[in-house]
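Chemist:
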Amino acid sequence: MNVLAIDGALGTFSVAVADRERIVAVREVPTAQALEQGLAAVDAALAAAGRPRLDRIAVGTGPGRFTGLRIAIGYAKSLALGWGIGLAGIGSYDALEGGALDGERLTVVSGRPGVIAARYVGPRGTHVAAGAVDAVLATLLADVRGELRVAGAAEDARAALAERGITVLPIPAPAEPAAATIARLAQRIDPAPTPHAVRPDYGEAPAVSLPAGKRR
Amino acid sequence: MLLLGIETSCDDTAVALVRDGRDVLAAVSTNQDAFHAKYGGIVPEIAGRRHVALLSAAVDDALTRAGTALSEIDGIAVTVGPGLIGSLVVGVAAAKALAYASDRPLFAVNHLHGHLFAAFLDRREPIPYPFLALLVSGGHSQLVAVEGPLAMSVLGRTRDDAAGEAYDKTARLLGLGYPGGAELDRLAARGDPAAIAFPRHRPRDGSLDLSFSGLKTAVRYFLESERGAAAAPADVAASFQAAVLDVLMARVEAAFACAPFRALVLAGGVAANSALQAAAQAWSARRGIAAFIPPPRYCTDNAAMIAAAAFHQRALGARDPLTLGADPNLPFEPSLLNADAALI
Numbered sequence: 001m002n003v004l005a006i007d008g009a010l011g012t013f014s015v016a017v018a019d020r021e022r023i024v025a026v027r028e029v030p031t032a033q034a035l036e037q038g039l040a041a042v043d044a045a046l047a048a049a050g051r052p053r054l055d056r057i058a059v060g061t062g063p064g065r066f067t068g069l070r071i072a073i074g075y076a077k078s079l080a081l082g083w084g085i086g087l088a089g090i091g092s093y094d095a096l097e098g099g100a101l102d103g104e105r106l107t108v109v110s111g112r113p114g115v116i117a118a119r120y121v122g123p124r125g126t127h128v129a130a131g132a133v134d135a136v137l138a139t140l141l142a143d144v145r146g147e148l149r150v151a152g153a154a155e156d157a158r159a160a161l162a163e164r165g166i167t168v169l170p171i172p173a174p175a176e177p178a179a180a181t182i183a184r185l186a187q188r189i190d191p192a193p194t195p196h197a198v199r200p201d202y203g204e205a206p207a208v209s210l211p212a213g214k215r216r
Numbered sequence: 217m218l219l220l221g222i223e224t225s226c227d228d229t230a231v232a233l234v235r236d237g238r239d240v241l242a243a244v245s246t247n248q249d250a251f252h253a254k255y256g257g258i259v260p261e262i263a264g265r266r267h268v269a270l271l272s273a274a275v276d277d278a279l280t281r282a283g284t285a286l287s288e289i290d291g292i293a294v295t296v297g298p299g300l301i302g303s304l305v306v307g308v309a310a311a312k313a314l315a316y317a318s319d320r321p322l323f324a325v326n327h328l329h330g331h332l333f334a335a336f337l338d339r340r341e342p343i344p345y346p347f348l349a350l351l352v353s354g355g356h357s358q359l360v361a362v363e364g365p366l367a368m369s370v371l372g373r374t375r376d377d378a379a380g381e382a383y384d385k386t387a388r389l390l391g392l393g394y395p396g397g398a399e400l401d402r403l404a405a406r407g408d409p410a411a412i413a414f415p416r417h418r419p420r421d422g423s424l425d426l427s428f429s430g431l432k433t434a435v436r437y438f439l440e441s442e443r444g445a446a447a448a449p450a451d452v453a454a455s456f457q458a459a460v461l462d463v464l465m466a467r468v469e470a471a472f473a474c475a476p477f478r479a480l481v482l483a484g485g486v487a488a489n490s491a492l493q494a495a496a497q498a499w500s501a502r503r504g505i506a507a508f509i510p511p512p513r514y515c516t517d518n519a520a521m522i523a524a525a526a527f528h529q530r531a532l533g534a535r536d537p538l539t540l541g542a543d544p545n546l547p548f549e550p551s552l553l554n555a556d557a558a559l560i
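The listed protein sequences derive, respectively, from chains A and B.
Here the first sequence stands for residues 1 to 216, where the numbers follow the numbering used here.
Here the second sequence stands for residues 217 to 560, where the numbers follow the numbering used here.
1) Might you give, ordered along the chain, the residues of its own chain that have their beta carbon closer than 6 angstroms to the beta carbon of residue 244 of chain B, omitting 5 neighbours on each side?
2) Please report the straight-line C-alpha distance between residue 156 of chain A and residue 170 of chain A, rounded to a whole angstrom.
3) Going straight from the alpha carbon of residue 85 of chain A to that of residue 350 of chain B, what length do you get?
4) Let's test the definition: count the other Cβ atoms within 10 Å of the Cβ of residue 502 of chain B and tell me whether it reaches 16, buried, or not, exposed.
5) Taking a Cβ distance cut-off of 7 angstroms, strictly less, list which residues of the segment 303–314 of chain B are near chain A, in chain order.
6) From B/518, B/499, B/387, pick the residue whose C-alpha is nearest to that of residue 227 of chain B; which is it?
7) With respect to the beta strand (DSSP E) encompassing residue 166 of chain A, which residues constitute its N-terminal and C-terminal limits?
8) Per the DSSP calculation, residue 127 of chain A is bridged to which residue(s)?
9) Could you tell me if residue 536 of chain B is buried or exposed, where buried requires 16 or more neighbouring beta carbons within 10 angstroms of its beta carbon?
10) Please state the DSSP three-state secondary structure of residue 19 of chain A.
11) So, for residue 121 of chain A: in the same chain, excluding its five sequence neighbours on each side, which residues have a beta-carbon less than 7 angstroms away from its beta-carbon?
12) Should the segment 400–415 of chain B be called in touch with the segment 450–461 of chain B, which here means at least 3 C-beta pairs below 8 angstroms?
13) What's the gap between the Cα of residue 69 of chain A and the Cα of residue 183 of chain A?
14) Rounding to the nearest angstrom, what Cα-Cα distance links residue 195 of chain A and residue 445 of chain B in this structure?
15) Restricting to Cα atoms, I'd like to know which of A/38, A/80, A/24 is closest to residue 193 of chain A.
16) Taking residue 7 of chain A as part of the alpha helix (DSSP H), name the residues at either end of that continuous run.
17) Can you list, in chain order, the residues of the segment 224–243 of chain B whose Cβ is nearer than 9 angstroms to any Cβ on chain A?
18) Find the residues of chain B that neighbour residue 73 of chain A, judging by a C-beta separation of less than 7 angstroms, and give them in chain order.
19) Could you tell me whether any Cβ in chain D is nearer than 9 angstroms to the Cβ of residue 316 of chain B?
20) Contact between the segment 348–362 of chain B and the segment 325–336 of chain B is defined here as three or more beta-carbon pairs at a separation below 8 angstroms; is this criterion met?
21) Residue 110 of chain A by DSSP, collapsed to three states: which one?
22) To which residues does DSSP link residue 228 of chain B through a beta bridge?
23) If we define contact as Cβ-Cβ less than 9 angstroms, is residue 78 of chain A a contact residue for chain B?
24) In whole angstroms, give me the CA-to-CA distance for residue 134 of chain A and residue 167 of chain A.
25) With a threshold of 9 angstroms between beta carbons, is residue 81 of chain A in contact with chain B?
26) What does residue 541 of chain B reach in chain A if we use C-beta pairs closer than 8 angstroms?
27) Quick one: is residue 43 of chain A near chain B, going by C-beta distance under 9 angstroms?
28) Is residue 535 of chain B helix, strand or coil when you go by DSSP?
29) Check whether the Cβ atoms of residue 160 of chain B and residue 259 of chain B lie closer than 9 angstroms to each other.
30) Is the Cβ-Cβ distance between residue 379 of chain B and residue 428 of chain B less than 9 angstroms?
31) Going by CA-CA distance only, name the one from A/64, A/163, A/117, A/74 that's closest to residue 147 of chain A.
32) Rounded to a whole number of angstroms, what is the C-alpha to C-alpha distance between residue 240 of chain B and residue 479 of chain B?
33) Classify residue 545 of chain B as buried or exposed, calling it buried when 16 or more other Cβ atoms lie within 10 Å of its own Cβ.
34) Would the segment 299–315 of chain B and the segment 57–71 of chain A be scored as touching if the rule is three or more Cβ pairs under 8 angstroms?
35) Give me the Cα-Cα distance between residue 45 of chain A and residue 13 of chain A, rounded to the nearest whole angstrom.
36) Where are the alpha helix (DSSP H) runs, 4 residues long or more, that stay fully inside the segment 365–399 of chain B, in chain order?
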């Protein structure tokens, strides 16, 4: 199955083309140029892959960089609509874990300074939270002590984890742009019922407060 | 020529299919007012998120309603500015990818230019160049001399608040809901426009510029006074509206004294105001000069006007490259359209 994958949430804006599990083309552009150069990166990746007949498009659905996420999903939905093929959304936590992890672990996505989004998989299930580092860790790891495997932006949480008596056992990040991992992961899942059903995960609610008179 | 238009410059997720810049085959718009109302104004982050959630479905819906497919359209037009950057990028990214996937030309449109052509949608008359456009919205208030699709100049603009902004702020002072302009218009219809003599801005330098902040402040001081506390809200609304309309129509009259315009065109969200429409029609009948007033659905932000502007301005000339970006502060002047545009 030939998959075109796009990610704007993690690190650089990346594009990959996969033939089953084999990555045949990868392109990256700085996130700040995702709008202007992102589609050229798509075209360049497809050209490098020999313009295969695509079976599916995959897109990173976040959390991560808000603007990059919007642009990547905007591209992916329109391409799926235009070419009449399915679209699969892959979350940032799965992309950072490479889809191959099991057991207890924390996966961290960098946000604004002092802010993270994180997923904890533990004995009592899977939980996610986003916001200030301390608050996220308090929410997810109230009963956790000792050593903990951490994927993604472990450094963003290392000091706060140490204060909670948790020692980080870093899980190496995939040695490829996020889009390449997403292209592989998308081979293993069904696409969304329609491209419209693919929704971004911003992690955080919009940073806005009600006018004083409307607060409860 | 059948164009698909996309508009996401603010809080309306809009898509339309328009033939030859006039015939609207389908127009889909999902207004986000309900999501912003509790905050008393548009929250840019919420607007951007809603666009991402809604835009592709709006494209699909518009194509279905028009009974057509992407393969049957001749190009894609999109608003590239001015507007909220987090909203603009969603529309531009989607439009570029649609153009790429369907191998159709891409046309960048200035949102304000779109408003100038809205009054000619669903009408048969030729566009009566040169015309004077009174462009009044929540973000802009200006008088524009339009001599051709790409020949236009601003004769006067607001020096502070836009007309729509003054409406919304005054509506808030009166305790009306959000968005307040339409509410104020309805309330004013029941009031006495001569009840309170609010000030009218008259520039001493003879320019065609506008100003509404003094009027807004006068309303606030009035409402804080003893007389204001006892005044009927409908009278305050009607008197405020009368002051706004006096200023707008005085500038229109002055502009027509400067140049032989063939028509007056109302444009922008405030053009949906019933009292402004009535004033423009009365002015038109008195002067014997045509007035083009769009129906309310084309006064507010919409995608049909974007497709129309692309047809009139660009479709016979240049197409834009897929490296097109968005510019939240895009200047009004047409000469500053994308320098990388290439001939078809």
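Glycine included, every Cβ here is placed at the ideal spot set by N, Cα and C.
Modeler: Concretely, from the data shown:
1) The count along the second sequence starts at 1 and reaches residue 244 of chain B at position 28. Excluding sequence neighbours, residue 244 of chain B sits near 231, 274, 277, 278.
2) Translated into the one-based positions of the first sequence, residue 156 of chain A becomes position 156. Translated into the one-based positions of the first sequence, residue 170 of chain A becomes position 170. Using only the alpha carbons, I get a separation of about 12 angstroms.
3) Here residue 85 of chain A is taken as the residue at index 85 of the first sequence, counted from 1. Here residue 350 of chain B is taken as the residue at index 134 of the second sequence, counted from 1. Between residue 85 of chain A and residue 350 of chain B, the C-alpha separation is close to 45 angstroms.
4) Here the question's residue 502 of chain B lines up with position 286 in the second sequence. Residue 502 of chain B should be labelled exposed.
5) 305, 306, 308, 309, 310, 312, 313, 314
6) Taking the second sequence and counting its residues from 1, one reaches residue 227 of chain B at position 11. Of B/518, B/499, B/387, the residue nearest in Cα terms is B/518.
7) Numbered from 1 along the first sequence, position 166 holds the residue referred to as residue 166 of chain A. It spans 166–170 - the beta strand (DSSP E) in which residue 166 of chain A sits, taken as one unbroken run.
8) What you label residue 127 of chain A is simply residue 127 of the first sequence in a count that begins at 1. Answer by DSSP bridge pairing, in chain order: A/120.
9) Here residue 536 of chain B is taken as the residue at index 320 of the second sequence, counted from 1. Buried is the call here.
10) Position 19 of the first sequence, counting from 1, holds the residue named residue 19 of chain A. Note: residue 19 of chain A maps to strand in three-state DSSP.
11) Numbered from its first residue, the first sequence carries residue 121 of chain A at position 121. Counting only Cβ-Cβ distances below 7 angstroms, and skipping sequence neighbours, we find 104, 105.
12) yes
13) Residue 69 of chain A sits at position 69 when you count from the first residue of the first sequence. Residue 183 of chain A sits at position 183 when you count from the first residue of the first sequence. Their Cα atoms are separated by approximately 16 angstroms.
14) Counted from its first residue, the first sequence places residue 195 of chain A at position 195. Counted from its first residue, the second sequence places residue 445 of chain B at position 229. Going by the C-alpha atoms only, they are around 55 angstroms apart.
15) In the first sequence, the residue the question calls residue 193 of chain A occupies position 193. Per the Cα distances, A/80.
16) Position 7 of the first sequence, counted from the first residue, corresponds to residue 7 of chain A. Segment 2–7 is the beta strand (DSSP E) holding residue 7 of chain A; no alpha helix (DSSP H) there.
17) none
18) Taking the first sequence and counting its residues from 1, one reaches residue 73 of chain A at position 73. Those are 268, listed as they occur along chain B.
19) This model lacks chain D altogether, as its protein chains are A and B.
20) yes
21) Along the first sequence, one-based indexing puts residue 110 of chain A at 110. In this structure, residue 110 of chain A counts as strand in the three-state DSSP scheme.
22) Taking the first residue of the second sequence as 1, we reach residue 228 of chain B at position 12. By DSSP's assignment, residue 228 of chain B forms a beta bridge with B/247.
23) Locating residue 78 of chain A in the first sequence gives position 78, counting from the first residue. Output row for residue 78 of chain A: interface = yes.
24) The residue you call residue 134 of chain A lines up with position 134 of the first sequence. The residue you call residue 167 of chain A lines up with position 167 of the first sequence. C-alpha separation (whole angstroms): 15 angstroms.
25) By one-based count along the first sequence, residue 81 of chain A stands at place 81. The beta carbon of residue 81 of chain A falls within 9 angstroms of a beta carbon belonging to chain B, placing the residue at that interface.
26) For the purposes of this step, residue 541 of chain B is taken as residue 325 along the second sequence, with counting starting at 1. 35, 36, listed in chain order.
27) For the purposes of this step, residue 43 of chain A is taken as residue 43 along the first sequence, with counting starting at 1. Yes, because at least one Cβ of chain B sits closer than 9 angstroms to the Cβ of residue 43 of chain A.
28) Locating residue 535 of chain B in the second sequence gives position 319, counting from the first residue. Three-state result, residue 535 of chain B: strand.
29) In the structure displayed, chain B extends from 217 to 560; residue 160 of chain B sits before or after that span and is not available.
30) Position 163 of the second sequence, counted from the first residue, corresponds to residue 379 of chain B. Position 212 of the second sequence, counted from the first residue, corresponds to residue 428 of chain B. Yes; because the gap between Cβ atoms is below 9 angstroms, this pair is in contact.
31) In the first sequence, counting from the first residue as 1, residue 147 of chain A sits at position 147. It is A/163 whose Cα lies nearest to the Cα of residue 147 of chain A.
32) Stepping through the second sequence from its first residue, residue 240 of chain B is reached at position 24. Stepping through the second sequence from its first residue, residue 479 of chain B is reached at position 263. So the two alpha carbons sit approximately 23 angstroms from each other.
33) One-based indexing of the second sequence puts residue 545 of chain B at position 329. Exposed.
34) yes
35) Within the first sequence, the letter at position 45 stands for residue 45 of chain A. Within the first sequence, the letter at position 13 stands for residue 13 of chain A. Their backbone Cα atoms lie some 13 angstroms apart in a straight line.
36) 379–389
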